[in-house]
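Asker: Quick mapping for you: the protein sequence lines, in order, are chains A and B.
The opening residue of the first sequence carries number 5 in my numbering; numbering runs sequentially from there.
The opening residue of the second sequence carries number 5 in my numbering; numbering runs sequentially from there.
Positions of the beta carbon are idealized from the N, C-alpha and C atoms, including for glycine.
Number of protein chains: 2
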Amino acid sequence: MTETVVDTKTRILDAAEKLFADKGFYATSLRDITAEADVNLAAVNYHFQTKDSLIDAVIGRRIAPVNRLRLEMLAAAGPHPSVEQIVAAFVAPLLERGISPMLPMMGRALASPDLFLFRIFKKHLAAVADQFGKAFETALPSLSSAERMWRLLFMAGSMAHVLSWSHVVGEMTEGVCDPTDREDVTARLVRFVAAGFRATEPPRSAQPADAVRLGAA
Amino acid sequence: MTETVVDTKTRILDAAEKLFADKGFYATSLRDITAEADVNLAAVNYHFQTKDSLIDAVIGRRIAPVNRLRLEMLAAAGPHPSVEQIVAAFVAPLLERGISPMLPMMGRALASPDLFLFRIFKKHLAAVADQFGKAFETALPSLSSAERMWRLLFMAGSMAHVLSWSHVVGEMTEGVCDPTDREDVTARLVRFVAAGFRATEPPRSAQPADAVRLGAA
DNA sequence: GTCTATAGGTTGATAGAC
DNA sequence: GTCTATCAACCTATAGAC
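#1: Below 6 Å CB to CB, which residues in the same chain sit around residue 71 of chain A once its five sequence neighbours on both sides are set aside?
#2: When DSSP labels each residue in this structure, what does residue 9 of chain A get in the three-state scheme?
#3: Are the C-beta atoms of residue 165 of chain A and some chain B residue less than 7 Å apart?
#4: Going residue by residue through the segment 144 to 205 of chain A, where are the continuous alpha helix (DSSP H) segments of at least 4 residues, counting only ones entirely within it?
#5: Compute the Euclidean distance between the alpha carbons of residue 30 of chain A and residue 44 of chain A, then round it to the nearest angstrom.
#6: Using a C-beta cutoff of 7 Å, does residue 30 of chain B count as contacting chain A?
#7: What are the boundary residues of the alpha helix (DSSP H) that residue 111 of chain B is part of?
#8: Let me confirm a value: residue 10 of chain B is counted as buried when at least 16 other C-beta atoms fall within 10 Å, else exposed. Which label applies?
#9: Taking C-beta pairs closer than 7 Å, name the residues in chain A that residue 199 of chain B reaches, listed in chain order.
#10: What in chain B is Cβ-close to residue 100 of chain A, meaning under 7 Å?
#11: In three-state DSSP terms, what is residue 90 of chain A?
#12: How about the segment 174 to 191 of chain B and the segment 138 to 155 of chain B: do they share at least three Cβ pairs that are nearer than 8 Å?
#13: Between residue 109 of chain A and chain B, is there a C-beta pair that is closer than 7 Å?
#14: I'd like to know if residue 120 of chain A contacts chain B, where contact means its C-beta is closer than 7 Å to some C-beta of that chain.
#15: Which of the three DSSP states is assigned to residue 62 of chain B in this structure?
#16: Take the Cβ of residue 158 of chain A as the centre, count every other Cβ of all protein chains shown within 10 Å, and call the residue buried at 16 or more, exposed below.
#17: Mapping DSSP to helix, strand and coil, what is residue 100 of chain A?
#18: Tell me whether residue 84 of chain A sits in a helix, a strand or coil according to DSSP, three-state version.
#19: Beta-carbon separation of residue 154 of chain A and residue 101 of chain B under 7 Å?
#20: Looking at chain A, which residues of the segment 133 to 157 of chain B have a Cβ within less than 7 Å of any of its Cβ atoms?
#21: Where does residue 136 of chain A land, buried or exposed, given buried means 16+ other C-beta within 10 angstroms?
#22: What residues of chain B sit near residue 177 of chain A, judged by a beta carbon separation below 7 Å?
#23: Can you list, in chain order, the residues of its chain whose CB lies under 6 Å from that of residue 51 of chain B, leaving out five sequence neighbours each side?
#24: Using a Cβ-Cβ cutoff of less than 7 Å, which residues in the same chain neighbour residue 58 of chain A once the five nearest sequence positions on both sides are dropped?
#25: Can you give me the C-alpha to C-alpha distance between residue 125 of chain A and residue 116 of chain A, rounded to a whole angstrom?
#26: Give the residues of chain A in contact with residue 172 of chain B, contact being defined as C-beta atoms less than 7 Å apart.
#27: Can you tell me whether residue 108 of chain B is buried or exposed? The criterion is at least 16 other CB atoms within 10 Å of its CB, across all chains shown.
#28: Identify each residue in the segment 55 to 75 of chain A for which the Cβ-Cβ distance to at least one residue of chain B is less than 7 Å, and report them in chain order.
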C-alpha cells in the first residue's frame, strides 16, 4: 500500500473516468460525478473550471504514458521492425499494458466521433502518428500512402471496438471469447491487423485514375 | 421527382438521423429535432411516445433493408463463397450501397457502447450473425470458434470506425484519403479484413491452456 | 393530427460565507 | 479549498383546446 488517501482532484478524475465509460461523456452529469467521488459539486468547478476541461483532463492524464510506452516499444524493436512489432507497439501499450480502469473510457473516447474529442487526440497523437507512419512506410515500402493511412484507420477501429465493447463480448459470444485475458486478445488483434497490413495492394492501373473516370461516359 | 412533400413522421426521422449523427443520441434534444424538422415539439411524443423509442425507430428503419441485402449478397455468392465474398457481403450493403444520410448515424450507433443500443442491434442482427458465422466456418474450417468470433468483432470495428470518422478523414490525412469514394473505401476494407481472416492461427498447444498456467509457479 | 401551455425535474456554472 | 445556496437555462413528457 502506497497511499490510501486520495486528494479531491484525483477522486474527481477517477469517478469521471468510470462514469464517462459507463454512460458516455455527455450523458454523465457533474452531479453524477460528485456523488460517485463523494465530493462537493463546487469542487469540480474549482479544480477544472468547466466540464469540457474536465473531459480533457480525464483523457489527458491517461494518454500521455500510453504514447510514451508506444514510442519506447517501437524504438526497442530496432531500426527494421516487422509489421507485427509495429502493430504490437501501437496496440499493446493500451490493450495489454494499460491500467484497467482507463480501458472502457478510452474506448468510448476513441469511438465517439465528436470534433471536441478528435482535437484532444490529435493534440496528443501527433508525435506517435508520425513515428508509426514512418515505421510502416519502411516495413511496407510498396504500399501507397493512401492505402497505408486507410489501414491505420482500420487498425484503430478494431482496437477501439475491442475496448468499447469488451463488457458485452462475453454475453455476445456466449462465453467463447474472454475479453479479460488481455494478452490473448492483444495477440489475436496483432495477428489480424498485421495480416491486413501485409495484404497486397492491386496495381495502381487496375484502379481507374481521374483521367479514366473523366474520359468515360 | 417522386414526392417533394414528406409527412411529419418522416421529417422527424430524417432530422433525428442527421442530428444523432452530428451530436450523438443523448446530446441531441427533442427540441433540436423539432427545430430541424420544422414540426411541433408535441408531434414527437404523438408519433413516437418517448425519446428512446424514437432512437429505436431511427435505427430500425435503416437496419432492416441493409441486413436483407447482406443475406442476398451472401446467397448470391453461392454455396462456397470466398472469404472476400463473405466480407464484401457484410460490408458493402452498408458502406457502399447504403443510402448516404444514414452512414454517419449508423457509425455513431455501432460505436456507442451503450446497452440500449446493443439490444437494438442484437435484435436486428440475430439472423445475419448466424448466417455469416456459418459462412466463415465453412470458408475457414481450420479457425477455432473463438478466433473466428474475435475476428468478426475486429471486422465490425474497422467498418464502424470508417463510418463514424469519415467526416474528419480528409483533414486527418491532408486529403490523401477520400472517404466520399465509397467503392474505393469498401474495396480497401474488404482487402484488409479478408487478409486478417486468412491469417493462420497458431496451434492450440503453443498457447498455454489453463492446466499449463495453473501448473506453473 | 397538430397546436399552446406548462408541469416537474435536471443541467452547468457561480456568488459568497467559512 | 471546501461548503451552501441559488440562478437561469434547459430538458422530457403531458394535458387539453382546436
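Answerer: Put simply:
#1: 132
#2: coil
#3: yes
#4: 149 to 176 and 186 to 202
#5: 20 Å
#6: yes
#7: 107 to 115
#8: exposed
#9: Per Cβ cutoff of 7 Å: 199, 200, 202 and 203.
#10: By Cβ distance, chain B contributes nothing, its closest Cβ being about 15 Å from residue 100 of chain A, past 7 Å.
#11: helix
#12: no
#13: no
#14: no
#15: helix
#16: That one is buried.
#17: coil
#18: Coil at residue 84 of chain A, not helix or strand.
#19: no
#20: 149, 150, 151, 153, 154, 155 and 157
#21: buried
#22: 153
#23: So the qualifying residues of the chain are 13.
#24: Around residue 58 of chain A: 20, 48 and 52.
#25: Computed Cα separation, rounded: 11 Å.
#26: 122
#27: buried
#28: none
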